[in-house]
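S.K.: Can you read through this structure? Questions will come right after.
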Amino acid sequence: MTAPAQQHYNYAYLDEQSKRMIRRAILKAVAIPGYQVPFASREMPLARGWGTGGMQVTAALIGPSDTLKVIDQGADDTTNAVSIRRFFSRVAHVATTEKTRAASVIQTRHRIPETPLSAGQIIVYQVPMPEPLRKLEASERETRKMHGYGEYGLMHVKLYEDIARYGHVATSYDYPVAVAERYVTAPSPIPKFDNPKMNMSPALQLFGAGREKRIYAIPPHTRVRSLDFEDHPFTVQRWSTPCALCGTTKTYLDEVVIDDRGGRMFVCSDSEYCEERREAGHAGAMLASAEAMKLVDARQPEDAP
Amino acid sequence: MSAAAQPSLADDAAPVLSVEGLTKLYGDRIGCRDISFSLWPGEVLGIVGESGSGKSTLLRCLAGLARPSAGRIAITLEGESFDLFALDEPTRRRLMRTAWGIVHQSPRDGLRMGISAGGNVGERLIDAGSRHYGDIRAAAEDWLGRVEIDSSRIDDRPGQFSGGMQQRLQIARVLVSGPRIVFMDEPTGGLDVSVQARLLDLLRVLVRDLGIAAVIVTHDLAVARLLTDRLIVMKDGHVVEEGLTDQVLDDPHHAYTQLLTSAVLT
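Residue numbers (the numbering used here), protein chains in the order written: chain A, 1374 to 1678; chain B, 628 to 893.
Structure representation (structure tokens):
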């Protein structure tokens, strides 16, 4: 990125004191895995609930040598992802990428990339509801005591209710986890399919909740266990069909309605992973027709000049 | 009650709960003052008195819900004796969820209204460390049966239950974890007479069968006569009379107790 002629904002939008304050909260969060650290959340130039917590964490971390990737619901090209990526390329002059492997900082909403993260990478989650006990216990004073004393029975009462009502644990996203066998933590609204990826991840995982004014973290190589019952062990979602575009069976799939006659296909939610596989020559059952409908970019013919 | 129902007044038995000089002040007002008594295992103690006499304040202190202004509450569990309010808070909270139970006057204070009956009963087991769904479910079903709630209602929320059923559900929720002491604040308040009678019958059987020590606060002398072994009569925050239930009710010494017993409709 070329530096702009004139700067209207401080580097990375926030002033240096605000960034220091956020960095202190991040350091404390890393020191106490899973503990929600209160911080003085700042106004960002978009509405709270649109990722302001994640953006503040990213702004406090990012430097000109970083490469930023932003994911929204697994995709790199949806509104929230595009605008946050553009925001940081403007105010922090960072390189942006869609490639998981190439990114040093990944800000995400709702997904963890399918490509395994590596040491040195930082993933920043946007969190709407940092308190996993909130829906069960309305009092903040009480939930803090429950965290402090490790009284997490109520979380299992919620799982009990799920099994009693639906026959299985029906919680499919924001599935509560125990971090380092101590703090029960909300993993943000990622599908529970992604929960196993948090366990012993070599990347640093940071969580920012702007409206709720909380930052928490899972340091690299930390045990993250999804809560369950002995006779109802934790399971992740499974699909009966492979991805219609790249043919993989190992990813989280989105259902896409393709016509008004009940036609649908299941495709990778992680658009970058799917594209990478297609470039590597993998093809799903509906790739040809999707190309014909210009739903995806057509592959370059092998003998192209 | 009969002499046979006095199991542990022998010299060798240690009281499970002993209270010395308990005082609770609300600013300048007296909640209760200088209360001392002991409760032995398997014994049911009644606290009677008119409203405002400090019964509920006393119960809240005993149950660990309110910190007394002065005095000492000693609890003995598994041969170990300790001062309730000298314990650190997490230990006290853990004991409150496992070793003793509180049956509130209004079931809404004691139940989680957004959670099914089974979940309400199961919570105490989960708190105690159970992580096996099948076991929790079976225990919840068993306890609903014991308090005469049809097991087909296990997945209904307390809001769908009648007042009497809610009260019975609350009792099941408290007793499922096998507490050593149960505190009850007007357990039959707000119920009609026939439901009261069945609830009292149930409570009497459960308390006797399980050998639980219980403290029951009531203003209803009929309840006291039916359930309790010993009685404490309170007025204006003080204990005015204390003794075996039959003794106190049939031969009251203090003028206030005489007034109280003569005011009963029979």
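For every residue, glycine included, the Cβ atom is placed at its ideal position computed from N, Cα and C.
With respect to the beta strand (DSSP E) encompassing residue 787 of chain B, which residues constitute its N-terminal and C-terminal limits?
M.R.: Taking the second sequence and counting its residues from 1, the one referred to as residue 787 of chain B is at position 160. No beta strand (DSSP E) holds residue 787 of chain B; DSSP gives it neither H nor E.
S.K.: Taking only the alpha-carbon atoms, compute the straight-line gap between residue 743 of chain B and residue 782 of chain B and give it to the nearest angstrom.
M.R.: For the purposes of this step, residue 743 of chain B is identified with residue 116 of the second sequence, where counting begins at 1. For the purposes of this step, residue 782 of chain B is identified with residue 155 of the second sequence, where counting begins at 1. Going by C-alpha positions, residue 743 of chain B is about 5 Å away from residue 782 of chain B.
S.K.: If I'm right that residue 1506 of chain A touches residue 1516 of chain A with Cβ under 8 Å, what's the distance once you round it to whole angstroms?
M.R.: The sequence position of residue 1506 of chain A within the first sequence is 133, counting from 1. The sequence position of residue 1516 of chain A within the first sequence is 143, counting from 1. Contact flag correct, Cβ pair sits at about 5 Å.
S.K.: Between residue 1617 of chain A and chain B, is the shortest Cβ-Cβ distance under 8 Å, so that the two count as touching?
M.R.: In the first sequence, counting from the first residue as 1, residue 1617 of chain A sits at position 244. Not closer than 8 Å to any Cβ of chain B, the Cβ of residue 1617 of chain A fails to qualify, so no.
S.K.: Which runs of the alpha helix (DSSP H) at least 4 residues long sit entirely within the segment 1556-1610 of chain A? Give them in chain order.
M.R.: 1568-1571
S.K.: In the DSSP assignment, what are the bridge partners of residue 807 of chain B?
M.R.: The residue labelled residue 807 of chain B in the question sits at position 180 within the second sequence. In DSSP, residue 807 of chain B forms no bridge with anything.
S.K.: Give me the Cα-Cα distance between residue 1321 of chain A and residue 1584 of chain A, rounded to the nearest whole angstrom.
M.R.: For chain A, the structure presents residues 1374 to 1678; residue 1321 of chain A sits outside this window and is missing.
S.K.: Using a C-beta to C-beta distance shorter than 8 Å, which residues of chain B count as neighbours of residue 1554 of chain A?
M.R.: Residue mapping note: residue 1554 of chain A aligns to position 181 of the first sequence, counting from 1. Those do not exist, as residue 1554 of chain A stays about 14 Å from chain B at its closest Cβ, beyond 8 Å.
S.K.: Residues of chain A with CB closer than 7 Å to the CB of residue 760 of chain B, please, in chain order.
M.R.: For this step, residue 760 of chain B is matched to residue 133 along the second sequence. By Cβ distance, chain A contributes 1533, 1536, 1602, 1604, 1605.
S.K.: For the beta strand (DSSP E) containing residue 1498 of chain A, name the first residue and the last one.
M.R.: Looking up residue 1498 of chain A in the first sequence gives position 125. From DSSP, the beta strand (DSSP E) with residue 1498 of chain A extends over 1495-1499.
S.K.: For residue 1480 of chain A, which beta-bridge partners are listed by DSSP?
M.R.: Taking the first sequence and counting its residues from 1, the one referred to as residue 1480 of chain A is at position 107. According to DSSP, residue 1480 of chain A bridges with A:1443, A:1497.
S.K.: If I measure Cβ to Cβ from residue 1468 of chain A and keep anything under 6 Å in the same chain, skipping five residues before and after, which residues do I get?
M.R.: As a working mapping, residue 1468 of chain A is identified with position 95 in the first sequence. Closer than 6 Å at the Cβ level, and outside the excluded window around residue 1468 of chain A, lie 1440.
S.K.: Could you tell me the alpha carbon to alpha carbon distance between residue 1536 of chain A and residue 768 of chain B, rounded to whole angstroms?
M.R.: Along the first sequence, one-based indexing puts residue 1536 of chain A at 163. Along the second sequence, one-based indexing puts residue 768 of chain B at 141. Cα to Cα, residue 1536 of chain A sits roughly 15 Å from residue 768 of chain B.
S.K.: Which first and last residues belong to the beta strand (DSSP E) in which residue 1638 of chain A is found?
M.R.: The sequence position of residue 1638 of chain A within the first sequence is 265, counting from 1. 1637-1641 is the span of the beta strand (DSSP E), which, as asked, contains residue 1638 of chain A.
S.K.: List, in order along the chain, the chain E residues whose C-beta lies closer than 8 Å to that of residue 749 of chain B?
M.R.: No chain E appears in this structure, whose protein chains are A and B.
S.K.: Identify whether residue 1426 of chain A lies in helix, strand or coil by the three-state DSSP scheme.
M.R.: What you label residue 1426 of chain A is simply residue 53 of the first sequence in a count that begins at 1. The answer is helix: DSSP assigns residue 1426 of chain A an H, G or I state.
S.K.: DSSP state of residue 717 of chain B, grouped into three classes?
M.R.: Within the second sequence, residue 717 of chain B is the residue found at index 90, counting from 1. Here residue 717 of chain B sits in helix by DSSP.
S.K.: Can you round the beta-carbon distance between residue 1640 of chain A and residue 1626 of chain A to whole angstroms, since I take them to be within the 8 Å contact cut?
M.R.: The count along the first sequence starts at 1 and reaches residue 1640 of chain A at position 267. The count along the first sequence starts at 1 and reaches residue 1626 of chain A at position 253. That pair is a contact at about 6 Å.
S.K.: If you reduce the DSSP assignment to three classes, tell me which class residue 734 of chain B lands in.
M.R.: The residue given as residue 734 of chain B occupies position 107 in the second sequence. Here residue 734 of chain B sits in helix by DSSP.
S.K.: Taking its Cβ as the centre, do 16 or more other Cβ atoms sit within 10 Å of residue 1660 of chain A, making it buried, or is it exposed?
M.R.: Translated into positions along the first sequence, residue 1660 of chain A becomes position 287. Flag for residue 1660 of chain A reads buried.
S.K.: Between B:824, B:789, B:834, which lies nearest to residue 811 of chain B when the distance is taken from Cα to Cα?
M.R.: Here residue 811 of chain B refers to the residue found at position 184 of the second sequence. The residue with the shortest Cα to Cα distance from residue 811 of chain B is B:834.
S.K.: My parser needs the beta strand (DSSP E) runs of 3 or more residues fully inside the segment 831-881 of chain B; what are they?
M.R.: 840-845, 857-862, 865-871
S.K.: Keeping to the same chain, check which residues put their C-beta closer than 7 Å to that of residue 838 of chain B; ignore five residues upstream and five downstream.
M.R.: By 1-based counting over the second sequence, the position of residue 838 of chain B is 211. For residue 838 of chain B, where only same-chain residues beyond five positions count, the Cβ hits under 7 Å are 668, 669.
S.K.: With distance defined between alpha-carbon atoms, name the residue in A:1454, A:1406, A:1391, A:1399 nearest to residue 1595 of chain A.
M.R.: Taking the first sequence and counting its residues from 1, the one referred to as residue 1595 of chain A is at position 222. Answer by Cα proximity: A:1406.
S.K.: Taking the Cβ atom as the reference point for each residue, do residue 854 of chain B and residue 830 of chain B lie within a distance shorter than 8 Å?
M.R.: Here residue 854 of chain B is taken as the residue at index 227 of the second sequence, counted from 1. Here residue 830 of chain B is taken as the residue at index 203 of the second sequence, counted from 1. Against a cut-off of 8 Å, the Cβ pair of residue 830 of chain B and residue 854 of chain B comes out as a contact.
S.K.: Note down, in chain order, each residue of its chain lying with its Cβ closer than 7 Å to the Cβ of residue 1410 of chain A, except the 5 sequence neighbours on either side.
M.R.: In the first sequence, counting from the first residue as 1, residue 1410 of chain A sits at position 37. The answer, listed in chain order, is 1398, 1401, 1402, 1587, 1588, 1589.
S.K.: Assuming residue 1574 of chain A and residue 1447 of chain A make a contact with CB atoms under 8 Å, what is their CB distance in whole Å?
M.R.: In the first sequence, residue 1574 of chain A corresponds to position 201, counting from 1. In the first sequence, residue 1447 of chain A corresponds to position 74, counting from 1. Wrong, their Cβ atoms sit about 17 Å apart, outside the cutoff.
S.K.: Tell me which residue opens and which closes the beta strand (DSSP E) that residue 660 of chain B is part of.
M.R.: The residue given as residue 660 of chain B occupies position 33 in the second sequence. Per DSSP, residue 660 of chain B belongs to the beta strand (DSSP E) from 656-666.
S.K.: Got a sec? Which residues, its chain only, sit under 8 Å from residue 1392 of chain A by beta carbon, not counting five neighbours each side?
M.R.: Locating residue 1392 of chain A in the first sequence gives position 19, counting from the first residue. Same-chain partners within the cutoff: 1385, 1432, 1433.
S.K.: Under the three-state reduction of DSSP, which class applies to residue 1532 of chain A: helix, strand or coil?
M.R.: Here the question's residue 1532 of chain A lines up with position 159 in the first sequence. Residue 1532 of chain A falls in the helix class under three-state DSSP.
S.K.: What is the DSSP secondary structure of residue 1518 of chain A, reduced to helix, strand or coil?
M.R.: On the first sequence, position 145 is the one that residue 1518 of chain A refers to. If DSSP states are grouped into helix, strand and coil, residue 1518 of chain A belongs with the helices.
S.K.: Is there at least one Cβ from chain B nearer than 8 Å to residue 1670 of chain A's Cβ?
M.R.: Taking the first sequence and counting its residues from 1, the one referred to as residue 1670 of chain A is at position 297. Cβ-Cβ to chain B under 8 Å: no for residue 1670 of chain A.
S.K.: Within 8 Å of any Cβ in chain A, is that where the Cβ of residue 782 of chain B sits?
M.R.: Here residue 782 of chain B refers to the residue found at position 155 of the second sequence. At least one C-beta of chain A is nearer than 8 Å to the C-beta of residue 782 of chain B.
S.K.: Does residue 818 of chain B come out as helix, strand or coil in the three-state DSSP assignment?
M.R.: Here residue 818 of chain B refers to the residue found at position 191 of the second sequence. Three-state result, residue 818 of chain B: coil.
S.K.: Residue 1524 of chain A touches chain B at which residues, Cβ-Cβ below 9 Å?
M.R.: Sequence index remark: in the first sequence, residue 1524 of chain A carries index 151 (1-based). Chain B residues near residue 1524 of chain A: 717, 720, 721, 724, 754.
S.K.: Under 8 Å, Cβ to Cβ, is there at least one residue of chain A near residue 873 of chain B?
M.R.: The residue you call residue 873 of chain B lines up with position 246 of the second sequence. For residue 873 of chain B, the answer is no, since every Cβ of chain A falls outside 8 Å of its Cβ.
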